[in-house]
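The structure under discussion appears below in the form of structure tokens.
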Amino acid sequence: MRTYTQEEKQAVIDRVISGELSTHILADTGIPKSTFYGWLRAYREEQEADNRRTVSIRNFHLLENKVARLESIVEILKSAPCTPKAPLRQRLYAAEQLYGKYNVHVICDAFDIPRGTFYNHVLRNKKDNTWYAKRREELRLRIQEIYDESNQIFGATKIAAVMKSEGFKVSNEMVRTLMRDMGLVSIRQSAKKLHEDEGRKYKNLLNQEFDTCKPNEVWVSDVTYFKYGENAYCICVIIDLFSRMVVGYKISKTNSTQLVKSTFQIAYKARQPDSSLVFHTDRGSNYRSKTMNDYMRSLNITHSFSRAHVPYDNSVMESFFASMKRDELYRTKYRSESDFRSAVDKYMIFYNTKRPHKKLQYKTPEQKEEEYALKLKDF
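The sequence shown: position 15 = 15 (the UniProt record's numbering), numbered continuously.
Written as structure tokens, this is what we have:
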């Protein structure tokens, strides 16, 4: 029975973590199923042991909230005119003065008052409570001012944050209630309409039709990530659908508009397409940016977009990245960043000139383009 090195085991685990199907990994490596699943089981047990030794982020936040709650209770009791043992009437009066400054749950806990009793007291008295009405009117005026200054973008949480920074003793719940009474709604809450508008703006012109008749009709592009050492590298690639040839690629440590624009410039300079070119991508912010939109317009190039959360709309790129990771990135242990970058360069050459493609009747992208050039000569 073959013995596998730790590096080989880790490479297989990394492929599973990246989302590659187990069936693909087994077929590709020839590792026995029992061995493969044994590695996975050992990895999961190790992860579970690590999790038991650490405080989860959720538990940390719960502890943070608990501490903040207790600090608020202490702050309330320090400034209160009575103690939690005082008669109910005194406690209700003291609690009412703090209504809107602190969370109602915290106020009631501090004075040991049932929340229902407190709400009944406030609602019963607020019509005749001059202090209460004056305070709410003061808060309403400032809420309206902040809302207008933000061009109607800020919701209750942001408005409350601004008011707290100005010295107002308000809670998110108080601001939210007042905004509801005033009919103020953040324009961000109309997200569904914005999403529908976005669908009309970013049209999918391919509709999963990936066959073209000649080079430079349609290019597709995407960005994938690969972690080496402590850094995650972004690899942007552009492929011509006609021959499946990589016509441009670039590596960066940030997935930015500059990365996709400079990759496109590399491809454009090499191929010199005319304005009939369609450039198809996903809806990542780097591709949808004003910079890219203006650049596409300057070249009279049409930009097509996949539908949101539908990877099959750009399946050619998904397939390419899966092949690159399987053929090269997950198989090799790089000695340095320059070693990794050099390997990517070599793989792109290999992919274009040596790797047969099923969609091309097992021709390479280079052979497909040469075949097209010969046909043009004959005409």
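Even glycine gets a Cβ: it sits at the ideal position worked out from N, Cα and C.
Contact under 8 angstroms by Cβ, residue i with residue j
i, j, result
"Ser72", "Tyr102", "yes"
"Val16", "Thr29", "no"
"Lys269", "Phe242", "no"
"Arg91", "Phe111", "yes"
"Ser289", "Thr263", "no"
"Thr254", "Phe321", "no"
"Val316", "Val237", "no"
"His280", "Val344", "no"
"Asn204", "Leu277", "no"
"Met182", "Arg244", "no"
"residue 397", "Leu329", "Because the chain in this structure spans residues 1 to 379, residue 397 falls outside the shown range and cannot be described."
"Ser275", "Asn293", "no"
Straight-line Cα distance separating residue j from residue i
i, j, result
"Asp128", "Lys134", "Reliability fails at Asp128, whose pLDDT of 49 lies under 50, so the model's placement of it is uncertain and the value that follows must be treated cautiously. Distance between the alpha carbons of Asp128 and Lys134 is about 11 angstroms."
"Glu369", "Phe210", "16 angstroms"
"Lys193", "Asp339", "Low per-residue confidence applies at Lys193: pLDDT is 49, beneath 50, and the placement is therefore not dependable, though the value from the model is reported in the following sentence. Each residue's alpha carbon lies about 48 angstroms from the other."
"Phe305", "Phe60", "40 angstroms"
"Gln47", "Asp14", "14 angstroms"
"Gln144", "Leu184", "8 angstroms"
"Ser34", "Ile235", "35 angstroms"
"Lys375", "Asn231", "46 angstroms"
"Ile266", "Gln272", "10 angstroms"
"Ser171", "Leu77", "18 angstroms"
"Ile146", "Ser342", "54 angstroms"
"Tyr372", "Lys261", "28 angstroms"
"Ile25", "Pro32", "11 angstroms"
"Thr23", "Ser319", "16 angstroms"
"Ala95", "Gly116", "13 angstroms"
"Met179", "Arg136", "11 angstroms"
"Ala42", "Gln10", "12 angstroms"
"Arg355", "Asn314", "21 angstroms"
"Ala161", "Ser150", "13 angstroms"
"Thr157", "Asn65", "17 angstroms"
"Glu75", "Val310", "51 angstroms"
"Arg283", "Thr291", "14 angstroms"
"Tyr312", "Asn286", "20 angstroms"
"Pro114", "Ile107", "10 angstroms"
"Tyr119", "Lys201", "48 angstroms"
"Asn352", "Asp240", "11 angstroms"
"Gln152", "Gly19", "41 angstroms"
"Ser165", "Pro87", "35 angstroms"
Where the alpha helix (DSSP H) through residue i begins and ends
i, result
"Ser342", "337-353"
"Val104", "104-111"
"Val316", "315-324"
"Ile31", "Here Ile31 belongs to no alpha helix (DSSP H), and DSSP marks it neither H nor E."
Residue range of the unbroken beta strand (DSSP E) whose run includes residue i
i, result
"Ala95", "First-last for Ala95: 88-97, but that is the alpha helix (DSSP H), not the beta strand (DSSP E)."
"Lys250", "245-252"
"Ala80", "Segment: none, Ala80 is in no beta strand (DSSP E) and carries neither H nor E."
"Ile17", "Taken as a continuous stretch (DSSP letters only), Ile17 belongs to no beta strand (DSSP E), being part of the alpha helix (DSSP H) at 6-17."
"Asp240", "231-240"
Heavy atom of the ligand FAD within 7 angstroms of residue i beta-carbon
i, result
"Ser276", "Ligands in the displayed structure: none, and consequently the ligand FAD is not present."
Self-check item: contact_flag[the segment 232-249, the segment 339-356] where n(CB pairs < 8 angstroms) is 3 or more
Solution: They touch, by the three-pair rule.
Practice problem: Could you pull out every unbroken beta strand (DSSP E) segment of at least 3 residues lying fully inside the segment 271-307, listed in chain order? | Solution: 278-281, 302-305
Quiz item: With contact counted as at least three CB pairs below 8 angstroms, one residue from each stretch, are the segment 36-43 and the segment 353-370 in contact?
Solution: A contact between stretches requires three or more CB pairs, one per stretch, nearer than 8 angstroms, and the segment 36-43 fails this requirement with the segment 353-370.
Self-check item: Contained alpha helix (DSSP H) runs [length at least 4] in the segment 139-226, N- to C-terminal order
Solution: 156-165, 172-182, 191-201
Self-check item: Sufficient close CB pairs (3 or more, under 8 angstroms) joining the segment 325-341 to the segment 296-315
Solution: no
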